[in-house]
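> I have a structure here, written as C-alpha cells, and I will follow up with some questions on it.
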Amino acid sequence: MPHPDLDAEQSYIDEAYRCLSAMRDRTARVADLEDSAAEAVDSAIAQAHLRHRLASLDTDMDGLSFGRLDEEAGDTWYVGRRHVEDARGDPVVVDWRADVAIPFYRATPVDTLGLSRRRRFLMTGKQLDDLYDEVFDDPDSVDAARHGGIPDPLLVELERERTGEMRDIVATIAAEQDEVIRAPLETCLVVQGGPGTGKTAVGLHRAAFLLYEHRRKLDVDGMLVIGPNPIFLRYIAQVLPSLGETAARQTTLERLLAGTAYRATGIDGDHAAAVKGDARLARVVARAVAGARRPPEEDLAVATAWGGVTVTAAALGAALHEVAARGVPHNVGRTAFRRQAARLVRTQLVRRRGDEAVPADELDTDLRRNRAWIRALDRAWPALTAPGAVRRLLTNRVALAEAADGLLGPDEQAAVLRRPARKVSDEPWTVADLALLDEAEAAIAGPPRSYGHIVVDEAQDLSAMGLRALARRSPAASMTVLGDLAQATAPGAQESWDEAIAHLGAPSTATRADLDLGYRVPASIMDMANGLLAEAAPGVTPCRSVRAGGRPPVFVAAGADLGDEVRRAVAELAAEFGTVAVVVPDGLRAEVVGLPDAVPVLRPPEAKGLEFDAVVVVEPEAIAGGDARGLRLLYVALTRAVQELVVVHARPLPAGLAVPVTR
C-alpha cells in the first residue's frame with residue numbers, strides 16, 4: 009500500500025522544481041544584463057560567476073530532493089542536490105553540504121542529533137516512487153525502514169545496474185563516509201578503503217563539499233583531482249557536474265607532469281621504474297643539479313672601462329657557496345651569484361676611484377659585454393634545464409655515478425642508464441622519468457603551480473617521487489589521499505600509509521581514516537577475494553560487505569579453447585546485465601577476441617576503481633604470477649563485479665581462493 013504522504017511529498021517536490029526553474033530564469037536575466045555591460049574586469053568576473061551559477065541550476069536533474077528532516081524543535085528541512093529557494097528567499101530545499109543536512113547522514117536512534125524523524129525518498133527521475141520513515145522514538149519504525157542495517161534507498165541503489173559511469177552517492181552517504189567528506193580543508197587526509205567502500209565517490213563528494221564550503225578560496229587557488237588512468241577519468245567524469253561543480257581539474261599524474269613539454273614514449277622495466285620512483289632519487293637529482301656548480305680554481309683577471317682588477321678564486325668560491333646555501337632554485341641562484349661576483353669587481357674599483365666614479369648599472373653593462381668574464385661565470389654556475397639535467401643523469405655513466413654515490417648500488421645505476429637520443433627533444437622519456445623531470449624543474453626553476461586542494465585516488469600505486477610531485481603542488485598540504493594497500497601493484501608502490509605521508513612531507517595536519525565496510529561488492533565475492541590477502545597484503549584489514557549473500561562466484565574449467573568459454577560466459581551475462589567486462593592478463597589477450605564492442609577488455613591494472621554488473625576474469629593463475637604483486641592484481645580483478653563474477657580458467661587456481669562453484 010502506498011505511503012499516505014506520497015502525493016503530498018510529490019507535490020512539494022514538483023514545487024521545488026518550479027522554484028528551481030524560477031531561480032534559473034532570474035539568473036539568466038542577470039547574466040544577460042552583464043553581457044551587455046561595459047567590458048570591465050569586474051564585469052567579466054561577475055559574469056563568470058553568474059555563468060557558473062547558471063550551469064549549476066540544472067532544472068532537468070534527477071532526484072532534486074532525496075529526503076526530509078523533522079526536528080524535535082518543530083522545523084522541517086528538505087535535503088537535496090542543490091539549494092532551492094522561493095521568491096521570498098526562503099529555503100525550499102537545502103544543499104546536502106549545508107550544516108543543517110548533517111543529521112540526514114549521521115543521526116541514529118542512540119544519537120538523534122535533534123531529529124524526531126528522518127524521511128528518505130526513493131525516486132526515478134523527478135517521480136517519487138516511495139518513501140521510508142525513521143521515527144526515532146519508535147524502534148519498530150527504524151527497523152522497518154532498513155534491511156540488515158541498510159536503509160531501503162541504499163539497498164535499491166546497490167542492486168541497480170551499472171551504467172558505465174560512476175553515479176553520485178549523495179542520497180546514500182553513510183555516517184563514516186560523511187565524516188571523511190566534511191573533514192577540514194587544512195587537513196592532509198589519508199583514506200584507506202577496500203573494494204566497494206565508496207572511497208572514490210567519497211573523495212569526489214569531498215571535493216564538491218570543499219568547493220561549496222570554501223568557494224572564494226578554491227575559485228582562486230583551484231581544485232585538482234588525480235585519477236590513475238584515462239579510463240578511470242571517463243568513469244568518474246560526471247560525478248562532480250552532477251553535484252553542480254565544474255571548477256575542479258580532473259587529470260592523471262602522467263598528464264599533469266607531462267603538460268605540453270614532454271611526451272612519455274619510452275617504457276621502463278619494473279626494476280628501472282621502481283628505482284626511478286624511489287625517494288632516494290630526489291637526492292640524486294639534487295646532487296646532479298648542485299654538481300653543475302663548480303667553484304673557480306684560479307684567480308680571474310677582469311678588464312673593465314675603469315681599469316683591470318683580479319677577483320680571487322677564493323672570493324668567487326665564497327660567493328658561490330653563500331648563494332647556494334640560501335636554497336633558492338638553481339637558475340635564481342645563478343642570477344644572484346652573478347650579482348655577487350659583480351659586487352666583488354666594483355668593490356675593488358670603488359676603493360681606487362670612489363663610489364660615484366663607478367656607477368653600478370654601467371659596470372653591469374660593461375661586464376655583460378666581457379666574454380671572458382661571462383664564460384668564467386658560466387663555468388662556475390651554468391644555466392640548466394630540467395631535460396638537460398635529467399638526460400645527463402640517465403645517459404652518462406660518470407654523471408650518474410657521481411650523483412648516486414652512496415645512494416644507489418651498481419645494479420640500480422645500471423637499471424636506469426640508457427643510451428641518449430640524438431637530441432634532447434627526441435629523448436624517449438618514460439612515465440617514471442616525468443617525476444624526475446618535475447623534481448629537476450623544481451630544483452632548477454622553482455616550484456610549479458599550486459592548488460588549494462588536491463584529491464588523489466588509487467594513491468597506493470604512486471611512487472615516492474610521484475607523491476613528492478603532488479606535495480609540491482600543495483604547499484599547505486591540503487590533500488585527500490585515497491587508496492587501498494591491498495591493491496598496490498605498480499613498481500615502487502606504497503607499502504604503508506606512514507611512508508606515503510613521509511613522502512608528502514610529513515605534514516603536521518596528516519590524519520588517517522579507514523573505510524572497511526563495503527557497499528558495492530556482494531559478500532559472496534568479497535569473502536572469496538579476501539582469501540588472497542593473507543599472502544597478498546597481510547597488513548591490510550579485510551573489507552566487510554553489507555550485502556550479505558549475493559550470487560556465489562562461478563568458476564568455469566575451460567577445455568582446449570579458453571576463448572570459447574569466455575565468449576560463452578560473456579554472451580550469457582550480457583543477456584542479463586547492463587554492463588559486462590572481461591579482465592585478462594596481457595599474455596592471453598589474443599585469446600579473447602570476437603566480443604561485443606560494448607564489452608571492455610581490460611588488463612588488471614586498468615580495472616582499478618571501475619565497477620560493472622558482471623565481470624569475467626580470465627586465468628587467475630596467470631594474473632597471480634606467483635608473487636604478492638600478482639596476487640594483489642588478482643584481488644583487483646576479482647572485486648570489480650557488483651552482481652555476478654565468472655572465472656574462466658584452464659590452469660589450477662592459485663592457493664587462497666575459497667572453494668568455488670564450478671561448472
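Here the working numbering is used: the first residue of the sequence shown is 9, the next is one more, and so on.
Note that the Cβ used here is the ideal one computed from N, Cα and C, for glycine as well.
In whole angstroms, give me the CA-to-CA distance for Val-292 and Ala-380.
Within the sequence shown, residue 292 is the residue found at index 284, counting from 1. Within the sequence shown, residue 380 is the residue found at index 372, counting from 1. When rounded, the distance between both Cα atoms is 32 Å.
> Does Asp-354 come out as helix, strand or coil in the three-state DSSP assignment?
In the sequence shown, counting from the first residue as 1, residue 354 sits at position 346. A small fix is needed here, since residue 354 is Arg in this sequence, not Asp. In this structure, Arg-354 counts as helix in the three-state DSSP scheme.
> What's the C-alpha gap between Ala-496 and Asp-145?
Walking along the sequence shown from the start, residue 496 turns up at place 488. Walking along the sequence shown from the start, residue 145 turns up at place 137. Straight-line Cα distance between these residues: approximately 46 Å.
> Under three-state DSSP, which class holds Glu-503?
In the sequence shown, the residue the question calls residue 503 occupies position 495. Three-state result, Glu-503: coil.
> Looking at Gly-274 and Thr-438, is the spacing between their C-beta atoms short of 7 Å?
Taking the sequence shown and counting its residues from 1, one reaches residue 438 at position 430. Taking the sequence shown and counting its residues from 1, one reaches residue 274 at position 266. Taking 7 Å as the Cβ cut-off, Thr-438 and Gly-274 qualify as a contacting pair.
> Return the CA-CA distance between Gln-185 and Asp-141, expressed in angstroms with no decimal places.
Position 177 of the sequence shown, counting from 1, holds the residue named residue 185. Position 133 of the sequence shown, counting from 1, holds the residue named residue 141. Going by the C-alpha atoms only, they are around 22 Å apart.
> List, from N- to C-terminal side, the alpha helix (DSSP H) runs of 4 residues or more that fit wholly inside the region 627-666.
Correct list: 628-632, 636-646.
> Using the three-state DSSP reduction, which class does Trp-381 fall into: helix, strand or coil?
Residue numbering aside, residue 381 sits at position 373 when the sequence shown is read from its first letter. The answer is helix: DSSP assigns Trp-381 an H, G or I state.
> With which residues is His-461 paired in a DSSP beta bridge?
Here residue 461 refers to the residue found at position 453 when the sequence shown is read from its first residue. Bridge partners of His-461: Met-231.
> If you draw a straight line from the alpha carbon of Pro-546 to that of Ala-632, how long is it in whole angstroms?
Position 538 of the sequence shown, counted from the start, is the residue given in the question as residue 546. Position 624 of the sequence shown, counted from the start, is the residue given in the question as residue 632. Straight-line Cα distance between these residues: approximately 16 Å.
> Going by CA-CA distance only, name the one from Ala-443, Gln-421, Arg-405, Glu-449 that's closest to Pro-428.
The residue you call residue 428 lines up with position 420 of the sequence shown. Here the closest residue by C-alpha is Arg-405.
> Our contact map puts Arg-229 next to Tyr-459 with C-beta atoms below 8 Å; I'd like the distance itself, whole angstroms only.
As a first step, residue 229 is located in the sequence shown; it is residue number 221 there, counting from the start. As a first step, residue 459 is located in the sequence shown; it is residue number 451 there, counting from the start. In the sequence on display, residue 229 carries Asp and not Arg. Rounded, the Cβ-Cβ distance is 6 Å, consistent with contact.
> Looking only at DSSP bridge pairs, what is Glu-420 linked to?
Position 412 of the sequence shown, counted from the start, is the residue given in the question as residue 420. None; Glu-420 has no bridge partner.
> Do you know whose CA, among Met-487, Ala-521, Pro-530, Arg-575, lies nearest Leu-653's CA?
The sequence position of residue 653 within the sequence shown is 645, counting from 1. It is Pro-530 whose Cα lies nearest to the Cα of Leu-653.
> Quick one: measure Cβ to Cβ for Val-276 and Ala-440, integer angstroms, because I've assumed they're closer than 8 Å.
Here the question's residue 276 lines up with position 268 in the sequence shown. Here the question's residue 440 lines up with position 432 in the sequence shown. Per the sequence shown, residue 276 should be read as Asp rather than Val. Rounded, the Cβ-Cβ distance is 5 Å, consistent with contact.
> Please work out which residues of its chain come closer than 6 Å, Cβ to Cβ, to Ala-521, disregarding the five sequence neighbours upstream and downstream, and give them in chain order.
The residue labelled residue 521 in the question sits at position 513 within the sequence shown. The residues are Val-188, Val-199.
> Can you name, in chain order, every residue of its own chain whose Cβ lies under 7 Å from the Cβ of Ala-394, other than the five neighbours on each side?
Taking the first residue of the sequence shown as position 1, residue 394 is located at position 386. Contacts found: Leu-445, Ala-448, Glu-449, Ile-452.
> Between Val-233, Thr-318, Asn-538, Ala-368, which has its C-alpha nearest Ser-482's C-alpha?
Counting from one through the sequence shown, the residue named residue 482 turns up at place 474. Ranking the options by Cα distance to Ser-482, first place goes to Val-233.
> Name the one or two DSSP bridge partners that Trp-389 has.
Position 381 of the sequence shown, counted from the first residue, corresponds to residue 389. Answer is none; Trp-389 lacks a bridge partner.
> Pick from Leu-308, Arg-457, Gly-414: whose alpha carbon is nearest that of Ala-384?
As a working mapping, residue 384 is identified with position 376 in the sequence shown. Minimum Cα distance to Ala-384 is reached at Leu-308.
> Check each candidate in Pro-499, Ile-509, Leu-371 and name the one with the smallest Cα separation from Ala-479.
For the purposes of this step, residue 479 is identified with residue 471 of the sequence shown, where counting begins at 1. Nearest of Pro-499, Ile-509, Leu-371 to Ala-479, Cα basis: Ile-509.
> Count the other CB atoms, across all protein chains shown, that sit within 10 Å of the CB of Ala-589; report buried if there are 16 or more and exposed otherwise.
Walking along the sequence shown from the start, residue 589 turns up at place 581. Buried, by the Cβ-count rule.
> Using DSSP with H/G/I as helix, E/B as strand and the rest coil, what is Glu-142?
If you number the sequence shown from 1, residue 142 lands on position 134. Strand.
> DSSP puts Glu-93 in a beta bridge; with which residues?
Against the sequence shown, residue 93 aligns to sequence position 85. Answer by DSSP bridge pairing, in chain order: Pro-99.
> Just to confirm my understanding: we take Gly-567, look at its own chain, exclude 5 residues before and 5 after, and list those with CB closer than 8 Å. What are they?
Reading the sequence shown from its first residue, position 559 is the one you call residue 567. Excluding residues within five positions, the ones whose Cβ falls inside 8 Å are Glu-573, Ala-658.
> Taking DSSP's pairing of strands, which residues face Asp-78 in a bridge?
Residue numbering aside, residue 78 sits at position 70 when the sequence shown is read from its first letter. Thr-84, Arg-125, per the DSSP bridge assignment.
> Can you check DSSP and say which residues form a bridge with Ser-73?
To locate residue 73, count along the sequence shown from 1; it is residue 65. Ser-73 pairs with Gly-88.
> To which residues of the same chain is Arg-76 closer than 6 Å at the C-beta, ignoring the five residues directly before and after it?
Mapped onto the sequence shown, residue 76 falls at position 68. Tyr-86, Arg-127, listed in sequence order.
> In whole angstroms, give me the CA-to-CA distance for Leu-525 and Val-644.
What you label residue 525 is simply residue 517 of the sequence shown in a count that begins at 1. What you label residue 644 is simply residue 636 of the sequence shown in a count that begins at 1. Each residue's alpha carbon lies about 17 Å from the other.
> Tell me whether Gln-348 sits in a helix, a strand or coil according to DSSP, three-state version.
In the sequence shown, counting from the first residue as 1, residue 348 sits at position 340. Helix.
> Where Gly-156 and Val-554 are concerned, what is the direct C-alpha to C-alpha distance, given to the nearest angstrom?
For this step, residue 156 is matched to residue 148 along the sequence shown. For this step, residue 554 is matched to residue 546 along the sequence shown. Its pLDDT being 49, under 50, Gly-156 is placed unreliably in this model, and the coordinates cannot settle the point.
> Starting from Ser-513, follow the alpha helix (DSSP H) in both directions and report where the run begins and ends.
Along the sequence shown, one-based indexing puts residue 513 at 505. Per the sequence presented here, residue 513 reads as Gly, with Ser not at that position. Looking at the DSSP string, Gly-513 is not in any alpha helix (DSSP H), and its letter there is neither H nor E.
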